[in-house]
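Below is one structure, written out as structure tokens, with a few remarks after it.
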């Protein structure tokens with residue numbers, strides 16, 4: 138099992154005092170097949186100040202002990218018991234219906250250092266969360282963290298928008314002026330597909346212009 142975190146380039150800015158938002162560029166395949174390298178994520182850093190953390194939310198989180206930030210999906214909530222058996226996730230002994238695509242681990246052996254297809258059972262402490270990346274074989278998530286859960290203070294924000302990477306060799310992650318139309322994908326809690334649609338950007342918002350060269 139490869140230990141790969143979704144390490145990110147983060148550009149934080151205030152949307153004219155309305156919201157604190159980060160742009161996150163995915164730099165590893167740990168959230169494939171749903172997020173891809175060079176995808177641009179829009180993270181609402183104030184989302185959880187008024188709304189609860191829900192299962193399957195994709196979040197940007199920090200791990201102060203390891204000094205990194207990464208993206209993963211909320212799988213288990215405080216008070217629940219989570220377990221992985223044969224590449225299936227179980228919550229309180231019942232198989233979890235994950236209605237989004239994942240990439241399973243190749244082997245089913247339990248390795249204490251790098252648990253992949255087998256993990257737990259682990260009871261999540263109250264007020265904390267257990268996270269998994271969608272690419273279960275190539276990720277750095279709660280299975281490898283110590284402790285295995287994160288608290289509310291480690292949640293930087295919720296991913297609220299995904300902007301797919303361009304296919305050209307000169308990759309412009311996002312080009313948007315105030316009030317323009319942007320090709321983007323709205324992120325549902327389950328993220329079962331990669332459908333693309335046009336969405337009008339609020340005139341109060343500002344999307345920075347980031348250009349990447351392959």
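In the working numbering, the protein residues as written are 138 to 351. Think of the CB as a built atom: it goes at the ideal place given N, C-alpha and C, for glycine as much as any other residue.
Q.
If contacts are defined as beta-carbon pairs under 8 Å, then residue 225 and residue 268 qualify, I think. What distance do you get, rounded to the angstrom?
A. Contact flag wrong, Cβ pair sits at about 17 Å.
Q) Which residues does DSSP pair with residue 186 in a beta bridge? A) Paired residue(s): none; residue 186 is not in a bridge.
Q) When every heavy atom of the ligand HEM is checked, does at least one fall within less than 6 Å of the C-beta of residue 201? A) Of the ligands one can find in the structure shown there are none, so the ligand HEM has no counterpart to examine.
Q. Secondary structure at residue 289, three-state DSSP: helix, strand or coil?
A. helix
(Q) Please give me, in chain order, every unbroken run of the beta strand (DSSP E) with length at least 3 that falls completely inside the segment 177–231. (A) Complete beta strand (DSSP E) runs here, min 3: 177–181, 195–200, 205–213, 218–222 and 225–228.
**Q.** Three-state secondary structure (DSSP) of residue 273
**A.** Three-state result, residue 273: coil.
Q: Using the Cα positions of residue 279 and residue 286, report the straight-line distance between them to the nearest angstrom.
A: 6 Å
**Q.** Pairwise C-alpha distance: residue 218 and residue 258
**A.** Cα-Cα distance, rounded: 6 Å.
(Q) Distance check for residue 182 and residue 293, CA to CA, integer angstroms please. (A) 6 Å
Q) In angstroms, rounded to a whole number, what distance separates the CA positions of residue 230 and residue 236? A) 18 Å
Q: Starting from the C-beta of residue 185, find all residues in its chain whose C-beta is less than 8 Å away, skip the five residues before and the five after it, and write them out in chain order.
A: 289, 292, 294 and 295
(Q) Let's test the definition: count the other Cβ atoms within 10 Å of the Cβ of residue 207 and tell me whether it reaches 16, buried, or not, exposed. (A) buried
Q. In three-state terms, what does DSSP make of residue 239?
A. Under the three-state reduction of DSSP, residue 239 is assigned to coil, being neither helix nor strand.
Q.
Please list the terminal residues of the continuous beta strand (DSSP E) segment that includes residue 159.
A. Its beta strand (DSSP E) spans residues 157–163.
Q. Hey, quick one: how far does the beta strand (DSSP E) through residue 259 stretch, first residue to last?
A. 256–260
(Q) If the criterion is Cβ atoms closer than 7 Å, does the pair residue 273 and residue 239 meet it? (A) yes
Q.
Please classify residue 270 as buried or exposed, where buried requires at least 16 neighbouring CB atoms within 10 angstroms.
A. buried
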